[in-house]
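Notes follow the structure.
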Amino acid sequence: MAPRLLILDDDDGIRTALSLAMEDDGYDVTAWPSAEEALAHVASGAPVDVMVVDLMLGGIDGFTFIRRVRPLSDAPVIVLSARQDKGDIVAALEAGADDYVTKPFDLAELSARLRALRRRLEVAQPSSEVVLDREQGPLVLDPAAGTLRRGTEAVHLTATEFRLLCELASPPGRVLSRPVLLQRVWDHGFFGDERLVDVHIRRLRTKVEPDPSTPRLVATVRGLGYRLDVR
Amino acid sequence: MRGWARGGLRTRVVASFTLGAMALAGLAALLIYGLARGYLVDQRERSAVRQAFADASYVRDGLRTSGFPVSDVLGGVAPPAGAAILVRRDGRWYSTSLEVGDEDLPAGLVGVVEGGEAGTAWASQGRRPVLVVGVPLPAVDAEYYAVTVTSELQSTLDALRTALVAFALLIAAGAGLLSAWAARRAMAPLNAVAGTAARIAGGELGTRLAPTSDPDLATIVGSFNSMVDALEEQIQREARFTADVSHELRSPLTALVTSVDLLQRRRDDLPERSRQVLDLVRRELDRFARTLEDLLELGRLEAGASAGERVDVALGDLVRQALDRCGRPVSLLAAAPGGAAEVVVHVDKQQLSRALVNLVDNAERHGRGLVSVSLRREGAHALVQVDDAGPGVAEEDRQRVFERFARSGSRGSLPGAGLGLSLVAESVHAHGGAVWCEDSPQGGARFVVRLPARARIPRGVPA
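Chains as they are written, first to last, in my numbering: chain A, 2 to 232; chain B, 19 to 481.
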């Protein structure tokens, strides 16, 4: 079945061109000019596999849309940013976006990003359960089933957060640099924006750490990268 | 006046203060000297006259009663030290001193005394000033003269003059120092204005002069601050305008780029001539997009807003990526001697790689193709050399090529917006480096970027 792509952009030209291109790429596209309509679409229960969202919108803006859509859908979100303003991009990532491209982008670039976010977990991932934290929970990652459980309760992660955690957990205790994580999770090359990693690590910590301000599970190794410390 | 105007304000204030004070002090000294001299001379004359009258009456009495010869009578008079007494009687001169004779007497005074009047006169004996008192002695038919050397008075006056000159000079010096101090105090607020203006020019637009309660300064502080407010507002307006333009241009550009991408996917369906047109559109669209990005990046750089995060990165990696992004073989990076490709620089990766891409691009578009890129380490600096196969850049154009929209003037017809190299210059300068153009040994142009290199440190986990 064709993956379902939601496009949210108030610019008719971009929306139309993008819809045509993405249909060419084999997506089942629904395109909306306003956040209100796009939210209503997701809230109605229509399945969405991936979203492309413009930040600058009339009415509800892109940041607010991402925050409101997150409880409804785990689908990866790529942000279209007209501004290269660094603050905007970080704010969008904090709101729950998974990646971004700046206008004007070329189609090959956007297609590659979408593919990367929708990639299935690689075979190299641990296939059996990994106990991340024996003391609290226990916190158990099951890559095969795509779940993270604390005790009997499921911990809710977005697709990208889940993949990031799987990378760190294969195997745990190994330091992974930001460029390596960018390459493996986002399929970005040398010029990738390392803030993607930092923001996602921050979001991941709020979900898996008992105290996110003093992380003990996902540790920062100064100057090198991140490491998962199983306890 | 021209000469005056050339000196600094402070110099002029100090000079006029000093000269004025010197003139006033000189005038006061002259006045004091005149008064003191008049008084002292008067005193001296009075006492000389008193003494002369006393001695004259003694001489007169001696001559009248005893009939002694004049010289005997004079022998009985004891003139004070430094004084001599002369008497004329019957046309003959008698003196108590061998050194003083009638030739020392002023003729005018002698005439007065001959006429029967007493008088005083100043004369000089050798170089010494003398006071002469003449008294007629009609009872004995003689004339009496007392000649007093007033060297004591003279030395007093000399001392007074020296003291007064010293006093005047001291006053002038004091006035000079005082005015210099006062001028510096008065200029201090101006220095504050200058310092603040320099900081604002350096990009600290938020800097303002501290408000003051001094009514003399409040006006200048107020106008200065409101001027900077206006300036800052204008700069922000321009930045906002740039951001708005960027947004307005980028949306249609994005739609265009996407549409052309779509067409290109279908290029096999198109007739040959349409394909050519499509390629042309694609190329021009790329150029337009790149120029727009360069322009916006340049605006950000000039506003100092593009302070991206700086990281340690191997220069060789940056160059290889730039070649890759321009679609050029990575093998164009010449093997660098002594591991120069591993030189680590501390840079904003995005910004510097954009600069390197622009350099490669420039060689491709304006230099008839890139020949090679080489890296060198030179002391604390890393050098990137980009050689092209073009005709080189004329000596007089080597500065100008880094200006915005500069074209190679002598040849004139080279296409290109010429934003790329100015962006390179801005980026490299922002990293504390330098960029210049010289002749390549192979005949083309060589663009050299020099960046501060990191000390050799172990690299992190390789990417």
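Beta carbons: idealized from backbone N, C-alpha and C, even for Gly.
DSSP beta-bridge partners of residue i
i, result
"T287/A", "Summary: the structure shown does not reach residue 287/A, with chain A confined to residues 2 through 232, and so no result is reported for it."
"R30/B", "Paired residue(s): none; R30/B is not in a bridge."
"T166/B", "A101/B, L149/B"
"A170/A", "DSSP output for A170/A lists no bridge partner at all."
"L388/B", "D406/B"
"G226/A", "V222/A"
"P154/B", "E161/B"
"H399/B", "E396/B, P470/B"
"R78/B", "Beta-bridge pairing links R78/B to no other residue."
"V176/A", "R228/A"
"R106/B", "W111/B, E161/B"
Run of the beta strand (DSSP E) containing residue i, from where it starts to where it stops
i, result
"E456/B", "452-457"
"H189/A", "Note, H189/A: premise wrong, no beta strand (DSSP E); not H, not E."
"F465/B", "463-470"
"M52/A", "51-55"
"H364/B", "362-366"
"L142/A", "140-143"
"T103/A", "100-103"
"L149/A", "148-151"
Range of the contiguous alpha helix (DSSP H) that encloses residue i
i, result
"P231/B", "It is Ser, not Pro, that sits at residue 231/B in the sequence shown. From DSSP, S231/B is part of no alpha helix (DSSP H); its letter is neither H nor E."
"D176/B", "169-219"
"S82/A", "Counting along the chain, S82/A falls outside any alpha helix (DSSP H), though it belongs to the beta strand (DSSP E) covering 78-82."
"E132/A", "At residue 132/A the sequence reads Val, which differs from the Glu that was named. Segment 131-134 is the beta strand (DSSP E) holding V132/A; no alpha helix (DSSP H) there."
"A473/B", "Unbroken run through A473/B: none, as it is neither H nor E."
"E38/A", "36-44"
"D13/A", "13-25"
"V411/B", "V411/B -> no alpha helix (DSSP H), and no H or E assigned at all."
"S445/B", "438-448"
"H157/A", "No alpha helix (DSSP H) holds H157/A; DSSP gives it neither H nor E."
"S112/A", "108-119"
"S88/B", "For the record, residue 88/B in the displayed sequence is Val; it is not Ser. Per DSSP, V88/B belongs to the alpha helix (DSSP H) from 88-94."
"T207/A", "196-209"
"R68/A", "63-70"
Beta-carbon proximity of residue i to residue j, cut-off 7 Å
i, j, result
"S20/A", "A32/A", "yes"
"A76/A", "V49/A", "yes"
"T36/B", "G192/B", "no"
"R468/B", "L401/B", "yes"
"P154/B", "A141/B", "no"
"D279/B", "D107/A", "yes"
"K208/A", "V156/A", "yes"
"L227/B", "V239/B", "yes"
"I235/A", "V78/A", "In the structure as shown, chain A begins at 2 and stops at 232. Residue 235/A is therefore absent and cannot be evaluated."
"C344/B", "V389/B", "no"
"L104/B", "S113/B", "yes"
"A8/A", "V53/A", "The residue you asked about is not Ala; residue 8/A is Ile in the sequence shown. Contact: yes."
"Y162/B", "A74/B", "yes"
"V150/B", "V167/B", "no"
"A190/B", "A96/B", "no"
"W454/B", "V466/B", "yes"
"R164/A", "V200/A", "no"
"V80/A", "Y101/A", "yes"
"A407/B", "G387/B", "yes"
"M170/A", "T276/B", "What sits at residue 170/A in the sequence shown is Ala, not Met. No."
"R91/B", "L81/B", "Reading off the sequence shown, one finds Val at residue 91/B, where the question assumed Arg. Their beta carbons are under 7 Å apart, which means V91/B touches L81/B by this criterion."
"R145/B", "S169/B", "no"
"E24/A", "V30/A", "yes"
"D89/A", "L118/A", "no"
"D143/A", "R232/A", "no"
"F420/B", "L437/B", "no"
7 Å Cβ cutoff, residue i in contact with chain E
i, result
"L21/A", "You won't find chain E in this structure, because its protein chains are A and B."
- Item | Members of the stretch 337-353 of chain B that neighbour chain A once the beta carbon cut-off is set at 7 Å | Per Cβ criterion, the list reads Q339.
- Item | Ordered list of alpha helix (DSSP H) runs contained in the stretch 114-150 of chain B, each at least 4 residues | 125-132
- Query: Which ranges does the beta strand (DSSP E) cover as unbroken runs of at least 3 residues, wholly within the stretch 287-345 of chain B, from first to last along the chain?
  - Reply: 328-332
- Message: Please identify, using Cβ separations under 8 Å, the residues of the stretch 252-280 of chain B that lie next to chain A, in order along the chain.
- Response: A261, S264, H265, R268, S269, P270, L271, T272, A273, L274, V275, T276, S277, D279, L280
- Which residues, in order along the stretch 88-111 of chain A, keep a beta-carbon less than 9 Å from a beta-carbon of chain B? T103, K104, P105, F106, D107, L108, A109, L111
- Scan the stretch 9-33 of chain A for residues whose Cβ lies nearer than 7 Å to a Cβ of chain B and list them as they occur along the chain. Listed by position, the residues of the stretch 9-33 of chain A near chain B (Cβ gap below 7 Å) are D12, G14, I15, A18, L19, L21, A22, D25.
- Item | Residues, ordered as in the chain, of the stretch 277-308 of chain B that lie near chain A by beta-carbon distance below 7 Å | S277, D279, L280, R283, A307
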